[in-house]
Amino acid sequence: MMDDERFMTDSDGRIYRRYDDIKTKPIQRLNYDSREINRFIKKQEPVIIENLGLVDSATKWDLEYLHENIGNEEKSVYVSKTHKFMYYNASRCAVYPDFIPPNEQHNMTMTEFIRKYRTWKPGEHRIYFQQILTDTVGSCIYNDFRNFKWSWLNSKKERFNWGDLTSNLLLIGQPGNVTPVHYDEQQNFFAQVHGYKRVLLFDPKFFQCLYPYPFHHPCDRQSQVDFENPDYERFPLAKHLAGYEGVVGPGDVLYIPMCWWHYIESTMDSQITTSINFWYKHQSMTLSDLRFPLKWQQKLTVSRNIEKMLGEALGDPSEVGPFLNALVNGRYTDQPVDISEFSI
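Here the sequence shown stands for residues 1 to 344, numbered as in my numbering.
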């Protein structure tokens, strides 16, 4: 691994993929009792929170404990021919009949998942356990879940006027698994339980540099830019990409603001990696709440709503692209992109 030019080793011995073309700064790390944490969340900027103990009751969730307590019901496991696990919406595949799903969702018991994990050999399909935490995961797991530091989470929800918690996702993956760059329309506290994950985050203003798939595409909210093999001829603005980088380990909690692009990679030196997401709705806004000029989170939301509305108005989502091309080509395409804003 050390001789593989595709990978690099940082000063802490963490091994992950090398992306020399992407300019990054370190994500700010703060102790749990720092008053600065609220400033970052208010400004909707990422921050890694240390020593919080948010999910301490889950530190015993190794494979043996999960095998004994999660029950033998089938859970959600994604299977990929490669190390990449890109999300896609299967209900939209009909709009793009030539679309080939990048991975498959399987249902398997924890016993089967553990067996596949322990017997996996290079070249075989990779697996990624992704299960929403509810009372169906077994009484012991659910009791551990109830003992998370909910008072801290609720205090942030109330302070920043967020909406309801929408879901908690338990993620268990192999070293080297990658979730390609994408964004979510919710606020997210990402808690690391076991192992290490390298994260890259990009301000929503890099929308143009990351070329998201169309709204009606199965890979909506995912970037078309492949960090491992970027096509700068097709996606020239990707050369201006700049973001923040960090590694989260056991006990760390990463705040991922709504609409911030994020790439997540289980480091190669880890064994199994376990993480838990806490997704919250952003506060609802009315027209009277808007402040101009729009921030990039709002611009991104507006662009999605325009695509959605056009798909409904035209009666066929496949007509949205030609309609927008007819609207823009020759009228606005001669206006150069202002690359001065692509900085951090």
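Quick reminder that beta carbons are idealized off the backbone N, C-alpha and C, glycines included.
Candidates the options: closest to residue i by CA position
i, options, result
"Asn-177", "Asp-164, Ala-191, Tyr-196, Met-108", "Tyr-196"
"Ile-41", "Asn-188, Phe-145, His-67, His-182", "Asn-188"
"Arg-118", "Pro-26, Leu-294, Ile-272", "Ile-272"
"Gly-13", "Lys-84, Ile-48, Val-137, Met-268", "Met-268"
"Ser-155", "Tyr-280, Asn-329, Ile-100, Gly-315", "Tyr-280"
"His-83", "Pro-293, His-125, Met-309", "His-125"
"Trp-152", "Trp-260, Val-55, Arg-304", "Val-55"
"Arg-221", "Trp-260, Val-248, Leu-241, Gly-249", "Trp-260"
"Phe-7", "Phe-148, Asn-277, Glu-228", "Glu-228"
"Arg-159", "Asn-143, Glu-112, Arg-39", "Arg-39"
Delimiting residues of the alpha helix (DSSP H) encompassing residue i
i, result
"Ala-191", "Premise fails: Ala-191 lies in the beta strand (DSSP E), 187–194, not in any alpha helix (DSSP H)."
"Ala-313", "296–314"
"Pro-336", "It is not in any alpha helix (DSSP H) - Pro-336 carries neither H nor E in the DSSP assignment."
"Leu-210", "207–210"
"Ile-37", "36–43"
Range of the contiguous beta strand (DSSP E) that encloses residue i
i, result
"His-125", "No beta strand (DSSP E) contains His-125, which DSSP labels as neither H nor E."
"Met-8", "7–9"
"Pro-26", "23–26"
"Asn-31", "29–31"
"Asn-277", "273–280"
Residue i burial status per 10 Å Cβ neighbour count (16 or more: buried)
i, result
"Lys-60", "exposed"
"Leu-327", "exposed"
"Pro-236", "exposed"
"Pro-204", "buried"
"Gly-173", "buried"
"Ile-70", "buried"
"Met-1", "Because the pLDDT of Met-1 is 48, which lies under 50, any placement of that residue in the model is unreliable, and the number read from its coordinates should be weighed accordingly. Classification of Met-1: exposed, given that the 10 Å Cβ count is below 16."
"Met-258", "buried"
"Thr-274", "buried"
"Pro-214", "buried"
"Phe-292", "exposed"
"Gly-330", "exposed"
"Lys-157", "buried"
CB contact flag (residue i, residue j, <8 angstroms)
i, j, result
"Tyr-211", "Val-225", "yes"
"Asn-107", "Leu-133", "no"
"Pro-180", "Tyr-88", "no"
"Pro-46", "Ile-256", "yes"
"Pro-218", "Arg-92", "yes"
"Glu-265", "Tyr-16", "yes"
"His-182", "Cys-209", "no"
"Glu-50", "Asp-338", "no"
"Gln-130", "Tyr-65", "no"
"Gly-246", "Ile-48", "yes"
"Leu-201", "Tyr-244", "yes"
Within-8 angstroms CB hit, residue i to chain D
i, result
"Trp-152", "This model lacks chain D altogether, as it is built from one protein chain only."
Those runs of the beta strand (DSSP E) which lie wholly inside the segment 45–118 and span at least 3 residues: Runs found: 47–50, 75–80, 104–108.
Kindly provide the ranges of any alpha helix (DSSP H) runs that are 4 or more residues long and lie completely inside the segment 130–201, ordered along the chain. 139–146, 150–159
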